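A.B. asks: Before anything else, here's the structure in question.
2 protein chains.
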Amino acid sequence: MISLDLLLDFGGKIITYPKGTQLFREGETALNYYQVVSGEVKMNNYNLDGKEFIQGIFASSQSFGEPPLFADVKYPANAEALSDSEVIQLHKSQFLELLASHPDVHLKMTITLAKRLFYKAIMVSEISSQEPEHRILRILDYLKKHVHKLEGPFTFKVDLTRQQIADLTGLRVETVIRATKSLEKKGELKIKSRKVYR
Amino acid sequence: MISLDLLLDFGGKIITYPKGTQLFREGETALNYYQVVSGEVKMNNYNLDGKEFIQGIFASSQSFGEPPLFADVKYPANAEALSDSEVIQLHKSQFLELLASHPDVHLKMTITLAKRLFYKAIMVSEISSQEPEHRILRILDYLKKHVHKLEGPFTFKVDLTRQQIADLTGLRVETVIRATKSLEKKGELKIKSRKVYR
DNA sequence: TTGGGTTTATGATTCAAATCATAAGCCTTC
DNA sequence: GAAGGCTTATGATTTGAATCATAAACCCAA
Numbered sequence: 001m002i003s004l005d006l007l008l009d010f011g012g013k014i015i016t017y018p019k020g021t022q023l024f025r026e027g028e029t030a031l032n033y034y035q036v037v038s039g040e041v042k043m044n045n046y047n048l049d050g051k052e053f054i055q056g057i058f059a060s061s062q063s064f065g066e067p068p069l070f071a072d073v074k075y076p077a078n079a080e081a082l083s084d085s086e087v088i089q090l091h092k093s094q095f096l097e098l099l100a101s102h103p104d105v106h107l108k109m110t111i112t113l114a115k116r117l118f119y120k121a122i123m124v125s126e127i128s129s130q131e132p133e134h135r136i137l138r139i140l141d142y143l144k145k146h147v148h149k150l151e152g153p154f155t156f157k158v159d160l161t162r163q164q165i166a167d168l169t170g171l172r173v174e175t176v177i178r179a180t181k182s183l184e185k186k187g188e189l190k191i192k193s194r195k196v197y198r
Numbered sequence: 199m200i201s202l203d204l205l206l207d208f209g210g211k212i213i214t215y216p217k218g219t220q221l222f223r224e225g226e227t228a229l230n231y232y233q234v235v236s237g238e239v240k241m242n243n244y245n246l247d248g249k250e251f252i253q254g255i256f257a258s259s260q261s262f263g264e265p266p267l268f269a270d271v272k273y274p275a276n277a278e279a280l281s282d283s284e285v286i287q288l289h290k291s292q293f294l295e296l297l298a299s300h301p302d303v304h305l306k307m308t309i310t311l312a313k314r315l316f317y318k319a320i321m322v323s324e325i326s327s328q329e330p331e332h333r334i335l336r337i338l339d340y341l342k343k344h345v346h347k348l349e350g351p352f353t354f355k356v357d358l359t360r361q362q363i364a365d366l367t368g369l370r371v372e373t374v375i376r377a378t379k380s381l382e383k384k385g386e387l388k389i390k391s392r393k394v395y396r
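Chains as they are written, first to last, in this note's numbering: chain A, 1 to 198; chain B, 199 to 396.
What follows is the structure, encoded as structure tokens:
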């Protein structure tokens, strides 16, 4: 997260994207740094048979899609506004200038990437493990601890549909529904008026 | 990759690890920057039923295990020497000093993390896709293009056992054996004296 | 060169998640 | 407030990778 003032100083523009708009697509060249001002943006892939995989969901003050700015690769996924969203975007060249002239911001950026890598490392090993209930608990625990910074049992109200949980874990809706019920029975999570608490 | 001279200047030490040695374990606090001088190191997880998942394999001049140095989290995986290996390691504090005083090195580091993130994003979506043959092709293509920088059909001799491919993709050996044979039949890869070429 | 360990190979069987089908609850919005 | 679209729910069936079993090929090391 980079301060809005600084981004505006370097030529950042705030743009509004209605719900459902695509900000960029898998395979495109990265031209901008993006940071959410309001609303929510998801990054996702669709595989051959149309099944969605959600790489991440980004809310206020979070940045996304930076790796290709550094790594000289194409976008590995699409970005789409989950709700009407304001996003500040800054041209790659100006973004790199900003980092060069503000080492502290650069370090913060590196930390952000490192955290994301940590999350992906967990997810990739967990998803490979094949156990639906584990996959679900892991992602919920990650969101609870690292995104929402919550402690204590059932303090985290999961604001995701079963379908979104499925797309984050690579499972199917029905499997998520059955697994969450089973997990509730085991006391691992609570379900109150259809919402999952962890 | 940071130059050896620079690492030594900042107090880096070259340490030899015999094949099979663990450099660090999942859950431990990160204390050092690591870079392979010679040999090979893998990072891996073992899940509950003992199945291995290989996060990555790092060879000469590649660094590994940096994210926790930045992100203030525990290691998400173990590191183990695949062959007798020399590794240069540098204390976290000195590593951070090095980056602070050498912005170009810091940028290179950021690029490394960004590339790894790109790889993980591909793998996590691909692994979630469930199709063994796709998983295998994707990881081979990644290794071919981004690690070994090779072009043209069947120029990449895969120096991995079927078991290692299985551990990288989250599949089982038998499945990898059957899938590679099927892929050979389809002309997607070649098998010469048990070695896979892509 | 022999013997033990790893790697590749292949068939038979099991099993759990995907798929298919159907429906009820709920939540916009027109 | 009715209609239609999401979301959750649940049962029946299919399917393909995991598992189990066994063996051949290869590779070292003693």
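Note that the Cβ used here is the ideal one computed from N, Cα and C, for glycine as well.
Keep in mind that this is a model prediction, so the values were computed, not measured.
Provide the residue span of the beta strand (DSSP E) that contains residue 14(A), from first to last.
C.D. replies: Its beta strand (DSSP E) spans residues 13–17.
A.B. asks: Classify residue 19(A) as buried or exposed, calling it buried when 16 or more other Cβ atoms lie within 10 Å of its own Cβ.
C.D. replies: Its Cβ having fewer than 16 others within 10 Å, residue 19(A) is exposed.
A.B. asks: Output the boundary residues of the beta strand (DSSP E) element that contains residue 231(B).
C.D. replies: Segment 230–236, the beta strand (DSSP E) holding residue 231(B).
A.B. asks: Taking DSSP's pairing of strands, which residues face residue 158(A) in a bridge?
C.D. replies: In the DSSP output, where bridge partners are listed per residue, residue 158(A) has 196(A).
A.B. asks: Along chain A, which residues have their Cβ under 7 Å away from the Cβ of residue 256(B)?
C.D. replies: Near residue 256(B) there are no residues of chain A at all, since even the closest Cβ is about 14 Å away, more than 7 Å.
A.B. asks: Does residue 314(B) get closer than 8 Å to chain A when you measure Cβ to Cβ?
C.D. replies: So yes, residue 314(B) belongs to the interface.
A.B. asks: From 220(B), 384(B), 214(B), pick the residue whose C-alpha is nearest to that of residue 335(B); which is it?
C.D. replies: Considering only alpha carbons, the answer is 384(B).
A.B. asks: Could you work out which residue in 361(B), 372(B), 387(B) is closest to residue 353(B) when comparing CA atoms only?
C.D. replies: Selected option, being the one with the closest Cα: 387(B).
A.B. asks: Is residue 136(A) close to chain B, meaning its C-beta is less than 8 Å from at least one C-beta of that chain?
C.D. replies: Output row for residue 136(A): interface = no.
A.B. asks: Which chain A residues are close to residue 243(B), counting only those with a beta carbon under 8 Å from its beta carbon?
C.D. replies: 125, listed in chain order.
A.B. asks: Nearest chain B C-beta to residue 53(A) closer than 8 Å, yes or no?
C.D. replies: Output row for residue 53(A): interface = yes.
A.B. asks: Examine the Cβ distances between the segment 105–117 of chain A and the segment 343–359 of chain B and report whether three or more of them are shorter than 8 Å.
C.D. replies: No, because fewer than three Cβ pairs between the segment 105–117 of chain A and the segment 343–359 of chain B fall closer than 8 Å, the two stretches do not touch.
A.B. asks: Can you pull the chain A neighbours of residue 346(B), defined as C-beta to C-beta under 7 Å?
C.D. replies: Per Cβ cutoff of 7 Å: no residues; residue 346(B) is ~16 Å from chain A at best.
A.B. asks: Any beta carbon from chain A within less than 8 Å of residue 298(B)'s own beta carbon?
C.D. replies: By this cut-off, residue 298(B) is an interface position.
A.B. asks: Who are the neighbours of residue 380(B) on chain A, taking C-beta pairs under 7 Å?
C.D. replies: The premise fails here: residue 380(B) is roughly 17 Å from chain A at the closest Cβ pair, so nothing lies under 7 Å.
A.B. asks: Would residue 285(B) and residue 322(B) be called neighbours here (beta carbons separated by less than 8 Å)?
C.D. replies: No, Cβ-Cβ distance for residue 285(B) and residue 322(B) is not below 8 Å.
A.B. asks: Pair every Cβ in the segment 1–8 of chain A with every Cβ in the segment 86–102 of chain A, then say whether three or more of these pairs are closer than 8 Å.
C.D. replies: Counting Cβ pairs under 8 Å, three or more are found: they touch.
A.B. asks: Going by DSSP in three states, residue 133(A) sits in which element: helix, strand or coil?
C.D. replies: Residue 133(A): helix per DSSP, three-state reduction.
A.B. asks: Could you name the residues of the segment 277–292 of chain B whose beta carbon sits closer than 8 Å to any beta carbon of chain A, in the order they occur along the chain?
C.D. replies: Residues passing the 8 Å Cβ filter: none.
A.B. asks: Nearest CA to the CA of residue 42(A): which residue from 53(A), 48(A), 33(A)?
C.D. replies: If we check each option's Cα against that of residue 42(A), 53(A) comes out closest.
A.B. asks: To the nearest angstrom, report how far apart residue 331(B) and residue 77(A) are at their CA atoms.
C.D. replies: Their backbone Cα atoms lie some 21 Å apart in a straight line.
A.B. asks: Quick check: the segment 60–75 of chain A against the segment 5–15 of chain A, are at least 3 beta-carbon pairs closer than 8 Å?
C.D. replies: No contact exists between the segment 5–15 of chain A and the segment 60–75 of chain A.
A.B. asks: Report the rounded CA-to-CA distance for residue 195(A) versus residue 135(A), giving the unit in angstroms.
C.D. replies: Looking at the two C-alpha atoms, the distance is approximately 18 Å.
A.B. asks: Which ranges would you report for the alpha helix (DSSP H) in the segment 263–348 of chain B if only whole runs of at least 4 residues count?
C.D. replies: Qualifying alpha helix (DSSP H) stretches, in chain order: 265–269, 290–299, 301–326, 330–340.
A.B. asks: Between residue 365(B) and residue 56(A), what straight-line distance do the alpha-carbon atoms span, to the nearest angstrom?
C.D. replies: If you take the alpha carbons of residue 365(B) and residue 56(A), they lie about 25 Å apart.
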